[in-house]
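J.: Numbering (the working numbering), first residue to last: 24 to 314. Backbone N, C-alpha and C define an ideal beta-carbon position, used for all residues, glycine too. These numbers were taken from a predicted model, which means no experiment stands behind them. Shown below is the structure under consideration.
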Amino acid sequence: MAVPATAAELVLTGAPGSSWVVDNGEESCQLSRTFGEGENQVRLVLTQWAPGKSFAVMLAGRPLARFHGTVELGFAGAGTALASRRADYERGTLSGGEDALIFSTVFLARPLGKDGGVIAVTPEGTPDLASPYGGAAPMLPPGAITMADRIELTKGRETLRLEPSQLDNALSVLDACSQSHLPEWGLDAAAHRTMTRAPQAPDFSRAARAIQQSYPSAAIARGEQANLHVRVLVDETGAAGDCTAVAATRTNITTTACRHLTRDIRFLPALDAAGNPMKSFHTVNILFRID
């Protein structure tokens, strides 16, 4: 006999007739899908602004109204590397009045290593792609993708679980879409799959302070906030080159983030499979918030 879910648990599968929708834009890759029906309908959007181990998650719909304060987000059952864990988010309202939670940076698996870096190698010291944590390569770890079977949001006894069909295939498509942008930026996609170190910014704190202090006074007067994603190319010497800032939300805010990232930071360059410097990229998520 089937045991009904508790009143605090809502489990949704794909809505009738729904399927994954892929949007390969100039500055981002996005997957979306609708779950449930009627009052329980929830929209899911996954976005990557560049190849990497993280992505943004947006959940929207009336069931999100009951999730406030500290919440946990996960992609597999308890006891796995993808189990639910605390996640930071912003609350919003869509044009149709639906409640929305926006997680700007989400990892499939809990990051390992210093300062949240994701580092996993084999006993021979080579990148371990089978690990759910991944190596240094800017990609969603294949080991984590194969484990993903749900998207679960938890707040105390309240649980919203989305069980999409072929979540692993969808995440692979998102990853492949993001990887396809590397040649467009003048970067070697094959070399990035086996790289042993991503560009590092030892003195990023100085640039971060300068970016924070550059919050436009006009935006403060308007009470305007924004989410910006910044990508800077880093050459073999560690010098910063082309820089692009993309707004994740509608905003009139202009930022000097690129000027500070290219002027104030001397990067440690990325390293290829042989340990030699290689051209790569560095990304920063910037949240402009008014207290």
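Can you name, in chain order, every residue of its own chain whose Cβ lies under 8 Å from the Cβ of V129, other than the five neighbours on each side?
T.: Your numbering for residue 129 matches position 106 in the sequence shown. Only S77, F78, A79, V80, L96 and A110 meet the Cβ criterion.
J.: Mind checking P206: buried by the 16 CB within 10 Å criterion, or exposed?
T.: The count along the sequence shown starts at 1 and reaches residue 206 at position 183. Answer is exposed; the Cβ neighbour count stays below 16.
J.: Assuming contact is defined by CB atoms lying nearer than 8 Å, are G84 and R56 in contact in what I supplied?
T.: Residue numbering aside, residue 84 sits at position 61 when the sequence shown is read from its first letter. Residue numbering aside, residue 56 sits at position 33 when the sequence shown is read from its first letter. No, the pair does not count as a contact, with Cβ atoms beyond the cut-off.
J.: Using a 10 Å radius around the Cβ and a threshold of 16 neighbouring Cβ atoms, would you call S228 buried or exposed?
T.: Taking the first residue of the sequence shown as 1, we reach residue 228 at position 205. The residue in question, S228, is exposed, as its Cβ has fewer than 16 Cβ neighbours within 10 Å.
J.: Let's see if you can read the secondary structure: which residues bound the alpha helix (DSSP H) around T169?
T.: In the sequence shown, counting from the first residue as 1, residue 169 sits at position 146. It spans P165 to M170 - the alpha helix (DSSP H) in which T169 sits, taken as one unbroken run.
J.: Which same chain residues, not among the five before or five after P222, have their C-beta less than 8 Å away from its C-beta?
T.: The residue you call residue 222 lines up with position 199 of the sequence shown. Excluding sequence neighbours, P222 sits near V257, G261, F290, L291, P292, A293, S303, F304 and H305.
J.: Can we say the segment 52-69 touches the segment 180-198, given the rule of at least three CB pairs closer than 8 Å?
T.: yes
J.: At what residue ranges does the segment 93-143 contain a whole run of the beta strand (DSSP E), taking only runs of 3 or more?
T.: Here the runs fully enclosed are 94-97, 108-110, 113-116 and 122-130.
J.: Do G75 and P161 come within 8 Å of each other at the CB atom, strictly closer than that value?
T.: Position 138 of the sequence shown holds residue 161. Position 52 of the sequence shown holds residue 75. Going by C-beta atoms, P161 is nearer than 8 Å to G75.
J.: Between which two residues does the alpha helix (DSSP H) containing R216 stretch?
T.: Stepping through the sequence shown from its first residue, residue 216 is reached at position 193. Run containing R216: A212 to R216, per the alpha helix (DSSP H) assignment.
J.: Looking at V94 and L82, is the spacing between their C-beta atoms short of 8 Å?
T.: For this step, residue 82 is matched to residue 59 along the sequence shown. For this step, residue 94 is matched to residue 71 along the sequence shown. Going by beta carbons, L82 and V94 fall outside the 8 Å limit.
J.: If you count every other CB in all the chains shown that lies within 10 Å of the CB of I288, and 16 or more means buried, which is it?
T.: Taking the first residue of the sequence shown as position 1, residue 288 is located at position 265. I288 should be labelled buried.
J.: For V44, does the count of other Cβ atoms within 10 angstroms reach 16, so buried, or fall short, so exposed?
T.: Locating residue 44 in the sequence shown gives position 21, where the first residue counts as 1. The residue is exposed, with fewer than 16 neighbouring Cβ atoms inside 10 Å.
J.: Smallest Cα separation from T169: which of Q235, G157, L35 and N250?
T.: For the purposes of this step, residue 169 is identified with residue 146 of the sequence shown, where counting begins at 1. With distances taken between Cα atoms, T169 lies closest to G157.
J.: R184: which of N308, P86 and A73 sits nearest, CA to CA?
T.: Locating residue 184 in the sequence shown gives position 161, where the first residue counts as 1. Nearest C-alpha to R184: P86.
J.: What first and last residue would you give for the beta strand (DSSP E) that runs through L90?
T.: As a first step, residue 90 must be located in the sequence shown, where it is residue number 67. At residue 90 the sequence reads Phe, which differs from the Leu that was named. Per DSSP, F90 belongs to no beta strand (DSSP E) and is neither H nor E.
J.: Going by CA-CA distance only, name the one from T267, E259 and T285 that's closest to D295.
T.: One-based indexing of the sequence shown puts residue 295 at position 272. Checking every option, the nearest Cα to that of D295 belongs to E259.
J.: Given this structure, state the Cα-to-Cα distance separating I309 from L69, to the nearest angstrom.
T.: Here residue 309 corresponds to residue number 286 of the sequence shown, with the count starting at 1. Here residue 69 corresponds to residue number 46 of the sequence shown, with the count starting at 1. The straight-line gap from Cα to Cα measures roughly 18 Å.
J.: Which residues bound the alpha helix (DSSP H) around T285?
T.: Position 262 of the sequence shown, counted from the first residue, corresponds to residue 285. It spans A280 to D287 - the alpha helix (DSSP H) in which T285 sits, taken as one unbroken run.
J.: With DSSP run on the structure shown, which of helix, strand or coil describes P27?
T.: Counted from its first residue, the sequence shown places residue 27 at position 4. Any reading at P27 needs caution, since the residue's pLDDT is 44, under 50, leaving its predicted position unreliable; the model's value is listed next. If DSSP states are grouped into helix, strand and coil, P27 belongs with coil.
J.: Is any non-hydrogen atom of the ligand NAD found closer than 7 Å to the C-beta of R133, if you look at the structure I gave you?
T.: The model depicted lacks the ligand NAD and carries no ligand whatsoever.
J.: Report the option in L105, G102 and A88 whose CA atom is closest to the CA atom of I125.
T.: Stepping through the sequence shown from its first residue, residue 125 is reached at position 102. It is A88 whose Cα lies nearest to the Cα of I125.
J.: Any idea what DSSP makes of G264, helix, strand or coil?
T.: Along the sequence shown, read from residue 1 onward, the residue named residue 264 stands at position 241. G264 falls in the strand class under three-state DSSP.
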